[in-house]
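> Supplied in structure tokens, the structure appears directly below.
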Amino acid sequence: MKKIIYSNQTFDNIEIKSSTNSEVVITGYASVYNIADHHNDLIVKGAFANVVYQNIKFLWQHDSKKPIGIISHLIEDDHGLKMEAVINNKVKAGREAIELIKQGAIDGLSIGFYIKNSVFNDAKQRVITEADLLEISIVTFPANQSAKILYITKGQEVESNTEYSNQITELQEKVHNIQNILERPNNINIEDQEQKTAFINYVRKGEENSFTQKSSLNSGAEAGGFLILQTLYNSIITEVNARSPMRQLASIETISTNALDIISEDGKFNSGWIGEVEARDETNAAKLKQQRIFVHELYAQPKASQALLDDATIKIETWLSERLRDSFVKAENEAFINGDGVKKPRGILSPDHDKIEKVKMGNKITTDNLLDFINSLKEEYLANATLLMNRATLSEVQKLKDNQGRFIWQQSLSESFKQTIFGIPVVCSSNMKPVDKDTAAIAIGDFKSGYKIVDRSGINIMRDPYTEKPFVKFYAVKRVWGDVVNPEAIKIGVFN
């Protein structure tokens, strides 16, 4: 490693970094983290974790012949390596340092150390992760301009570098604000603190005074309950969508009632060419069909001990939303694939879907039958098509090769899908069946055109402290519907 020379002294394998400090006692930062210096090096927190401050020398201008005092305190914080040092005003260099610091002519600090571990980042900066600290110096030109002396005191008198002290205070406030944001459950922005407090009091203690009761009618029966916070509902739905393969592929609509009218056409219409002034012949019009769908009730019943609810260190809204999310995801994922439509969504593999074409693929997956299966989908749906299968089936597909010995499975350059087969994106679902006798194991389709999911906005919740003492149950209801709306947009691969 190159030699760096200071004050006619040569240091082998030592890098000199600057920082800030102050005293007759001085206080400041000997090293400021995550800021590149003139040498394009930066030091990260933890680099000096094993430093013993009693062994560190305190020098004037990196001159080993001019010690000017002792290091009395050294600690790592989020900003850097903070130090406290006592300048000996009985030595000439110490007196010079004190007067120049007070005058403002000098305010920099610098450190000398051996590098033990370092790496280069994408910006080609050397990131020093571990070092042996040898000495700290007061210097005229620090390598890191962020390293400044903050305070110098003598007896009861304190002089402060106000500019840098204010900057440190401002940075600490920003860090505190960021920590508060990150600690919010699921990054929920609480716009109405009173509503949040009322909801938490209801969950923890069963207090209902601050909540407006919401009644909902379903199948002619009235079910009381409370509507959870909108921010909490949004968080749950976002997480459910992210964990559901079919929700990522299908079209989704949100309604505020229990029913939705869907209008579809049979697609049987004609078009024709005509001159500018010629009479137009009549064409066959598509037949319109109206279907009224009713959302189904999906419930979850997480339960907690009263001790957990009373524990103020637990963010109870996060605890509740995570358990509702997991319950809803598991039930929905199964229903969207295999549901029979009875009090639940009807899945793409439901035997009732007689209009979805079942493509026979033999008794195992081959390159040829997979290619035929893909091309069985109409061209208008192929552009937005996705293959759907479980991971065991994907594993078999990944072993297939074309006629030239190349694997047909390949990583995609798209950020949306990480893998493709013959250029068709692949999505895995554990609810799809593995390849076996008489099983529908693979699906292909433009699922956004072929499958629709309808959510009714809101989740109702009731607190039940009685039926499973000593536990408290939370009966939560979410309303959802799902079904195939265009059978031509989906094909199912069946093995025998």
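When we follow UniProt numbering, the leftmost residue of the sequence shown carries the number 1, and every step to the right adds one. Idealized CB from N, CA, C, for every residue including glycine. These figures come from a predicted structure and were not determined experimentally.
Report the start-end ranges of each alpha helix (DSSP H) in the segment 375-422 that is 4 residues or longer and not cut off at the edges.
As far as the segment 375-422 is concerned, its whole alpha helix (DSSP H) runs of at least 4 residues are 379-382 and 391-397.
> If you drop the 5 nearest sequence neighbours on each side, which residues of the same chain put their C-beta closer than 8 Å to that of Glu191?
Confidence in Glu191 is poor, its pLDDT being 48 and thus under 50, which makes the residue's placement unreliable; the coordinate value appears in the next sentence. Once the five neighbours on either side are set aside, the close Cβ partners of Glu191 are Thr231.
> For Ile252, I'd like the list of residues in its chain whose CB is within less than 6 Å of its CB, leaving aside the five on either flank, ordered along the chain.
Ile453
> Per DSSP, what kind of secondary structure is Glu130 in: helix, strand or coil?
strand
> One question on the structure: do Asn333 and Ser244 come within less than 7 Å of each other, judged by their Cβ atoms?
yes
> Give me the residue from Ile115, Ala489 and Gln301 with the minimum Cα distance to Thr467.
Proximity to Thr467 across Ile115, Ala489 and Gln301 peaks at Gln301, based on C-alpha coordinates.
> Considering just the uninterrupted stretch of the alpha helix (DSSP H) at Ile200, what are its terminal residues?
Where Ile200 is concerned, the enclosing alpha helix (DSSP H) stretches over Gln193 to Lys205.
> If you follow the alpha helix (DSSP H) that Tyr233 is in, where does it begin and where does it stop?
Residues Gln230 to Ala242.
> Short of 7 Å in beta carbon distance, which residues of its chain neighbour Asp132, apart from the five on each side in sequence? Order them along the chain.
Taken in chain order, the residues that qualify are Phe113, Tyr114 and Lys116.
> Note down the Cα distance separating Ser449 from Trp273, rounded to an integer number of angstroms.
28 Å
> Measuring only the C-alpha atoms, how far is Val295 from Ile43?
Here the alpha carbon of Val295 sits roughly 57 Å from the alpha carbon of Ile43.
> Starting from the C-beta of Gln306, find all residues in its chain whose C-beta is less than 6 Å away, skip the five residues before and the five after it, and write them out in chain order.
none
> Going residue by residue through the segment 420-494, where are the continuous alpha helix (DSSP H) segments of at least 4 residues, counting only ones entirely within it?
447-450
> According to DSSP, simplified to helix, strand and coil, what is Trp273?
coil
> Nearest-angstrom Cα distance between Gly225 and Ile461?
Distance between Gly225 and Ile461, taken at the CA atoms: about 5 Å.
> Thinking just about the alpha-carbon of each residue, which of Gly347, Leu227, Gly405 and Arg406 is nearest to the one in Leu388?
Gly347
> To the nearest angstrom, report how far apart residue 513 and Arg463 are at their CA atoms.
Given a span of 1 to 496 for the chain in the structure shown, any question on residue 513 remains unanswerable.
> Can you determine whether any heavy atom of the ligand NAD sits closer than 6 Å to the C-beta of Gln301, and answer yes or no?
Because no ligand of any kind appears in the structure shown, any question about the ligand NAD cannot be addressed here.
> Note down the Cα distance separating Lys94 from Arg126, rounded to an integer number of angstroms.
Reading off the sequence shown, one finds Gly at residue 94, where the question assumed Lys. For Gly94 and Arg126, the distance between alpha carbons rounds to 34 Å.
> My assumption, with CB atoms under 8 Å, is that Phe141 sits in contact with Gly108. Please give the rounded CB distance.
7 Å
> For Ser376, count the other beta carbons within 10 Å of its own beta carbon; 16 or more makes it buried, fewer makes it exposed. Which is it?
exposed
> Residues in its own chain within less than 7 Å of Ile75 by CB, not counting five upstream and five downstream?
Lys82
> Do the CB positions of Ile68 and Ala97 come within less than 7 Å of each other?
Less than 7 Å separates the beta-carbon of Ile68 from that of Ala97.
> Using only CA atoms, which one of Thr439, Thr254, Arg247 and Gln398 lies nearest to Pro351?
Thr439
> Less than 7 Å separating the beta-carbons of Val472 and Ala198?
In this structure, Ala198 does not lie closer than 7 Å to Val472 by Cβ.
> For my contact list, Val484 and Ile356 are in at a C-beta cut-off of 8 Å; report their separation, rounded to the angstrom.
Confirmed, Cβ separation roughly 7 Å.
> Ends of the alpha helix (DSSP H) at Asn333?
Ile316 to Asn338 is the span of the alpha helix (DSSP H), which, as asked, contains Asn333.
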